[in-house]
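In our numbering, the protein residues as written are 97 to 410.
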Amino acid sequence: MKRVLVTGAAGFIGSHLCDRLIDEGCHVIGMDNLITGNIRNIEHLFALSNFEFYHHDVSKFVHVPGHLDYILHFASPASPLDYLRMPIQTLKVGSLGTHNLLGLAKSKNARILIASTSEVYGDPLVHPQHEDYWGNVNPIGPRGVYDEAKRFQEAITMAYHTYHGLETRIVRIFNTYGPRMRVDDGRVLPAFFAQAIRGEGLTVFGDGSQTRSFCYIDDLVEGIYRLLKSDYHLPVNLGNPSETTILQFAQEILDLVGNKDAHIIYNPLPVDDPKQRKPDISRAKEVLNWTPSISRKEGLEKSYAYFREVVQVS
Ligand code: UDP
């Protein structure tokens, strides 16, 4: 039985990864300091003998008894609202936290997969974004704390690979959505669903012409699992290349929820908000034989079933 450490285990992506690894027959050790994660995302796993949970901040020294086969580092505030509220923690978990986990991986002779992001491309000047593009990041802007932490994370991970021969994997995750997203995390999909269900204005930032490409969580988890098992150490983009403007996205959610009181309102565009984003996934296709299979229509319907349960309507 493989022993696997998942950091950020109570988060949106981390908790789905724990489920998948349990399904694959692994012994999973989840770790989270719960500043943005929610223990409810993993409470169904607590009864299992092959699941353990450590309430710990990985920016501090990480100790795990016994051997480890894999480490998946998914701890970090990840929504623009969260990393604006917690800039120092965001920088620390991407830098100090990653260093601690690389050290742990080295001492256990474990393979480590780290969660990077499309934010390493910043406000991209190349479209769609291929892994060979170096990005356009403002280091001192509001997103800099996340973007630069993740860029440092990639650099130190490659250094451990090169200088210590550590088995490393780097996934660059593009916008992902689905059940277990936090309703108030500020990201566009939970915000729009909550507003549509409550019959409020959907807060489109700017004129809504900026684009994003949304990937359903199950597709992402499949890609991450394949990358973990692969022998490929360079960064791999995972995301769904189906691109939409934010205004079109708001309209799709309005149509799906069908609440006559809901409507679109326009708010100012946040500083350094990327104008367009779409993954070039040719590398993932070639190396992992992976391509997303869940359409936005299907993914939004599955997500709506979840948000209908969790959104409080006063
Ligand atoms: N956005 C929006 N209304 C909201 C929240 C976000 O129009 O209530 C926009 C945001 O400006 C960005 C896009 O939706 O252009 C995606 O934002 P999100 O925070 O989900 O993640 P990002 O891709 O920017 O990291």
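Just so it is clear, CB atoms sit at the ideal spot from N, CA and C, and this is done for glycine as well.
Original post:
Hey, residue 185 and residue 155: beta-carbon distance below 9 angstroms or not?
Top reply: Yes, these two residues count as a Cβ contact at 9 angstroms.
**OP:** Answer with buried or exposed for residue 378, where buried requires no fewer than 16 other C-beta atoms within 10 angstroms of its C-beta.
**Re:** exposed
**OP:** Kindly indicate which residue of 163, 242, 364 and 226 has the alpha-carbon position closest to the one of residue 207.
**Re:** 163
Subject >> the stretch 295-307 touching the stretch 358-375, judged by at least three CB pairs closer than 8 angstroms >> reply: yes
Subject >> Identity of the residue in 239, 400 and 114 nearest residue 292 by Cα >> reply: That would be 400, whose Cα lies nearest to the Cα of residue 292.
Original post:
Taking Cβ positions, are residue 102 and residue 110 nearer each other than 9 angstroms?
Top reply: yes
**OP:** Tell whether a beta-carbon distance below 9 angstroms holds between residue 310 and residue 395.
**Re:** yes
Subject >> Nearest residue (CA-CA) to residue 266, options 386, 387 and 333 >> reply: Of the candidates 386, 387 and 333, 333 places its Cα closest to the Cα of residue 266.
Original post:
In chain order, what residues of the same chain have a beta carbon less than 7 angstroms from the beta carbon of residue 296, not counting five sequence neighbours either side?
Top reply: 358
**OP:** Determine the extent of the alpha helix (DSSP H) in which residue 301 is found, giving its start and end residues.
**Re:** Element bounds for residue 301: not the alpha helix (DSSP H) but the beta strand (DSSP E), 297-301.
Original post:
So, using beta-carbon positions, are residue 238 and residue 298 closer together than 9 angstroms?
Top reply: no
Subject >> Cutoff 9 angstroms: residue 181 Cβ touching any chain B Cβ >> reply: In the structure shown, chain B cannot be found, because there is only a single protein chain.
**OP:** Would you identify the three-state DSSP class for residue 162, choosing helix, strand or coil?
**Re:** coil
Original post:
To which residues of the same chain is residue 198 closer than 6 angstroms at the C-beta, ignoring the five residues directly before and after it?
Top reply: 256
Original post:
Do residue 365 and residue 302 come within 9 angstroms of each other at the CB atom, strictly closer than that value?
Top reply: yes
Original post:
In chain order, what residues of the same chain have a beta carbon less than 6 angstroms from the beta carbon of residue 147, not counting five sequence neighbours either side?
Top reply: 124 and 141
Original post:
Is any heavy atom of the ligand UDP found at a distance shorter than 8 angstroms from the C-beta of residue 342?
Top reply: Correct: residue 342 has its Cβ closer than 8 angstroms to the ligand UDP.
Subject >> For residue 149, the three-state DSSP class (helix, strand or coil) >> reply: strand
Original post:
What's the gap between the Cα of residue 107 and the Cα of residue 178?
Top reply: 13 angstroms
Original post:
Looking at the unbroken beta strand (DSSP E) that takes in residue 211, where does it start and where does it end?
Top reply: 207-213
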